[in-house]
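Input: a single structure, listed below in C-alpha cells.
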Ligand code: BGC
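Residue numbers (this note's numbering): 52 to 327.
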C-alpha cells in the first residue's frame, strides 16, 4: 500500500484526503475547507498547508489546479485569480507545506483516476474524460497514459467557446432544461468525436451525479459514453496518483526549464472571460 495525500482545489471548496494509490480508495474522510474569496494564491497556499497539517501524512502531496499546469507553473486562470498566471505554484506549495508538492490540472487528475479506478477501469484505447461544472475540463488518455493540458473546454465551436456555452454554469445561466443542455453537449461531443475518435467518453464533474437527467439524450455515432463513477473523489485520487509517480504526467523534470506565461495563454483567458 502506498499512502499519498491528494488535494483538490475547486471553485467553492479545497478538499483533501489520504489515498491508497494502489486501489484508488480514500483512507480517511475527506476534509473540506471553503475556497477563500477570489482564490488568490497566497490564501489558497495557506489552506493547502492547513490540509497537509491536518492529515500529517508526510511524503509527497498531489494538488490539482483548475488551469494549465506545465512543470509546476500555472499558466492560465479562466475561473480563478489572474495572479496564478505564470506562478511557480508547485514551489509555493512545496515551501508552504515543507513537503514535495506535485501540481496537476484538475481535469487531468480526475481523468487519470476515472480511467484507472472509475468508469474507465479495464477499458483500453483512447479515453476522453470531460468535466462539466463552472468550466469544462478535459483529460485525454491512451492505455492509461495521459496527454496533459488538452484544455478542450476552450475549443471554439459555432463562434462560441465550448465552456461558455455548454458548461453546467452555462446551463444554469441560460436557464436550460436538461434536454436543451444535452443538445448543446451533443453538438460539442460530436465535434470531439470527429477530432479524436475516442473509444470511450466519460462525463464527469458536478453533472455526473445527475446522469439520469442527461444520459438518454447524449448519443454518439461511434464512441461509447458513460457517466463518471468517482464523483467528487476523482480529483483527490488523481492528484495522489500523480504525486506517487513523481509528477511525470505533467512533464515536470528537474532539468527542464520552467515555462514563462506566454502571451497566448493570457490572450486565451482574456477572450474567455469577455465572452462569458
Ligand atoms: C480550465 C481548465 C479546467 C476546467 C475545469 C477550465 O476553464 O481552463 O484548465 O480543467 O476549467 O476546472
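A virtual CB, placed ideally from N, CA and C, is assigned to each residue, including glycine.
Please read these numbers as outputs of a predicted model, since none were measured by experiment.
- Taking a cut-off of 8 Å on C-beta distances, the region 221-233 does not touch the region 156-163, as fewer than three cross pairs fall below it.
- Excluding residues up to 5 positions away in sequence, 229 and 233 lie with their Cβ nearer than 6 Å to the Cβ of residue 265 in the same chain.
- Residue 246 carries a helical assignment under DSSP once its states are collapsed to helix, strand and coil.
- Counted as a single uninterrupted DSSP element, the stretch harbouring residue 185 is not any alpha helix (DSSP H), since DSSP gives it neither H nor E.
- Here DSSP, grouped into helix, strand and coil, assigns residue 76 to strand.
- Counting only the Cα atoms, residue 177 lies some 26 Å from residue 211.
- For residue 185 and residue 108, the gap between their C-alpha atoms comes out near 31 Å.
- Taking one beta carbon from each stretch, the region 109-120 and the region 73-81 have fewer than 3 pairs nearer than 8 Å; the two do not touch.
- Using a cutoff of 7 Å, the CB of residue 88 does not count as near ligand 1, since none of the ligand's heavy atoms is closer than that.
- Residue 122 and residue 140 have their alpha carbons spaced roughly 10 Å apart.
- In the DSSP annotation of this structure, the continuous segment of the alpha helix (DSSP H) that includes residue 215 starts and ends at 213-217.
- In the structure shown, residue 156 falls within a strand segment according to DSSP collapsed to helix, strand and coil.
- 252 is the residue among 105, 149, 252 and 137 whose C-alpha sits nearest the C-alpha of residue 183.
- Close CB contacts of residue 135 within its chain, under the 7 Å cut and outside five residues either way in sequence, are with 92, 118, 125 and 128 (chain order).
- The alpha-carbon of residue 101 is positioned some 13 Å away from that of residue 57.
- Contact between residue 259 and residue 279 is confirmed by a C-beta separation of about 4 Å, below the 8 Å threshold.
- For residue 289, the Cβ stays outside the 7 Å cut-off from all heavy atoms of ligand 1.
- A distance below 8 Å separates the beta carbons of residue 147 and residue 99.
- With 16 or more other Cβ atoms from the protein chains shown falling within 10 Å of its own Cβ, residue 235 counts as buried.
- Not one heavy atom of ligand 1 lies closer than 7 Å to the C-beta of residue 199.
- Residue 104 has its alpha-carbon roughly 45 Å from the corresponding atom of residue 242.
- According to the DSSP assignment, residue 69 belongs to no alpha helix (DSSP H) but to the beta strand (DSSP E) extending over 64-71.
- Assigned with DSSP and collapsed to three states, residue 310 falls in coil, not helix or strand.
- For the region 80-157, the continuous alpha helix (DSSP H) assignments of 4+ residues that do not extend past its boundaries occur at 92-106 and 140-148, in sequence order.
- Per DSSP, residue 293 is one residue of the alpha helix (DSSP H) stretching across 285-295.
- C-alpha of residue 263 to C-alpha of residue 231: approximately 15 Å in a straight line.
- Residue pairing by DSSP places residue 59 opposite 66 in a beta bridge.
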